[in-house]
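Worksheet: one structure, shown below.
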Amino acid sequence: MSSKTVLILGGGWGGLTTAHHLRSLLSPEHRVVVVERNDRFSLHVSNLWLMTGERKDPEQVSRPMTNLKREGIEWAHAQAQQLDPESRTLVTDHGQMIGDYVVIALGAELAPDSVPGFEEATYNLYETEGAARLQEALKDFAGGKIVVLVGGAPFRCPAAPYEAAMLTESLIRSREVQDDWEVSLYTPEAHPMAVAGPAVGEALEAMLAERGVGYFPEHAVTSVDVDSHTIHFGDTVVPYDLLIGVPPHRAPKLAIDSGLVDETGYIPVHPQTLKILKDPNTLETQFPNVYAIGDVTSVRLLNSMLLPKAGVFAEGQAQAVAGAIAADIAGQPLPHGFDGDGFCYVEVGDGMAAYGAGDFYAFPGPRVTLDMPNPQSRKAKEEYERLLDLWFEN
Ligand SMILES: Cc1cc2nc3c(=O)[nH]c(=O)nc-3n(C[C@H](O)[C@H](O)[C@H](O)COP(=O)(O)OP(=O)(O)OC[C@H]3O[C@@H](n4cnc5c(N)ncnc54)[C@H](O)[C@@H]3O)c2cc1C
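Just add 1 to wherever you are in the sequence shown, counting from 1, and you've got the numbering used here.
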């Protein structure tokens, strides 16, 4: 059997899961190459704990890419610039590479610059450094109006802004800040975690209300004025003292420049195989041996909504794609594809989280349940951080 090369674009949650699984499935003559521009992997789940001070600094929740543990995963430290999906040729700032298989796992890009004033005014919860700066700002907070501002949808981890609001409320309450203070959340969404169905949305709204967190759905920010400390939603103007930002997201430039995105703004893929769709109506795919997984993709569900952007989905898709590539190389029948199952832990503060889980591929729409918050689920959420030990030497 001739040696094959699998090129994985992006060494985030989905890319590293793919690499790890492939390496365990393939014999050593086959190459597994991860093209990643950053020299550290950061686990963004832990940003919320950076914000609260439960994790000290960015170093604690990130690892150098040079410390990848599993032998035989090659890291190409490069910026992927252009992909020809027909020939599977990748152009990077360090030259050209060709893969027998290509897995696009570039995630979604943050675009705080797309709303005037957003970048200057907000603490960026979605970046490790921003979350660490937010930790300091919350320590110094002596009263006033804290706003969690969602800059656009879709965004990664549909629960994260809600968790940020409830964790902040819990944190400030525990500090017994003397002056008046309040926490509120403004988002363009109509309901929290709408894709999970109305019962989950209502449960989350009730959790916010119980904690006195103001909830303002259907508020699409148009600009932020850093001098007057005001957020503008068209004609509606809202003051703030401390602004926690979830920036707007967009597809990475490579996906756009390579002509792979559709009207969803992301790469449309087949729900089970993660191959790129040619026709979303018939689910006909194109570009044999090219896959896309995780936040860079759009997966249309049976209720016409899109699969949320979350690490658990990137991970499940990565496992499915690794299995498919390994089977193809070995000339074996293809294993089952991705099944659409997912879960999350919604933190509500006071050391508690609510566990939510379900089948997102169910008909006529996702079947998702959300348990009552409890300390065990908060503890269980820390399991995510084991990825750092699984993939990296300390
Ligand atoms: C605050 C917060 C909390 C979250 N909590 C949860 C949670 O509890 N549960 C959950 O399931 N998910 C959670 N998520 C979401 C989760 O982090 C993402 O959905 C997940 O990381 C997506 O994986 P991915 O591989 O698609 O993209 P990413 O992990 O974003 O990886 C993409 C990688 O591609 C690299 N890249 C991009 N462009 C290029 C280029 N041109 N060249 C080379 N490299 C490039 C990037 O540097 C990055 O390393 C959370 C996210 C945030 C921000």
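Glycine residues also receive a C-beta, built at the ideal position from the N, C-alpha and C atoms.
Quick caveat: nothing in here was measured; it's all calculated off a predicted structure.
- Residue environment: S171 is assigned as buried (16 or more neighbouring CB atoms within 10 Å of its CB, all protein chains considered).
- Taking a cut-off of 8 Å on C-beta distances, the stretch 130 to 145 does not touch the stretch 190 to 200, as fewer than three cross pairs fall below it.
- Here the alpha carbons of Y216 and Y346 stand approximately 20 Å from one another.
- For K70, no alpha helix (DSSP H) run applies, since DSSP gives it neither H nor E.
- C-alpha of V151 to C-alpha of Y124: approximately 12 Å in a straight line.
- Selection L51, A328, S299, T223 evaluated against A311 yields S299 as nearest (Cα-Cα).
- Looking at the backbone, the Cα of H21 and that of I74 are separated by about 8 Å.
- In the structure shown, the three-state DSSP call for R251 is strand.
- The beta carbon of V313 is closer than 8 Å to those of G343, F344, C345 in its chain, skipping five residues each way along the sequence.
- I232 has its alpha-carbon roughly 42 Å from the corresponding atom of L391.
- If only uninterrupted alpha helix (DSSP H) runs of at least 4 residues are considered, those enclosed by the stretch 9 to 93 are 14 to 26, 48 to 53.
- Around the C-beta of H95, fewer than 16 other C-beta atoms lie within 10 Å, and the residue is accordingly described as exposed.
- In this structure, A293 lies near I105, with their beta-carbon atoms less than 8 Å apart.
- The closest heavy atom of ligand 1 lies 7 Å or more from the beta carbon of N125.
- Taking the Cα positions, T169 is about 27 Å away from G235.
- Under a 10 Å Cβ-count criterion, P334 is classified as exposed, with fewer than 16 other Cβ atoms of the shown protein chains found around its own Cβ.
- With a cutoff of 7 Å, Q80 counts as near ligand 1, since its C-beta is closer than that to a heavy atom of the ligand.
- Around the CB of N48, 16 or more other CB atoms lie within 10 Å, so the residue is classed as buried.
- Closer than 7 Å to some heavy atom of ligand 1: that describes the Cβ of K310.
- Check the Cα spacing between L261 and each of V238, E206, K279: the tightest is with K279.
- Per DSSP, reduced to three states, the secondary structure at T274 is coil, with no helix or strand assignment.
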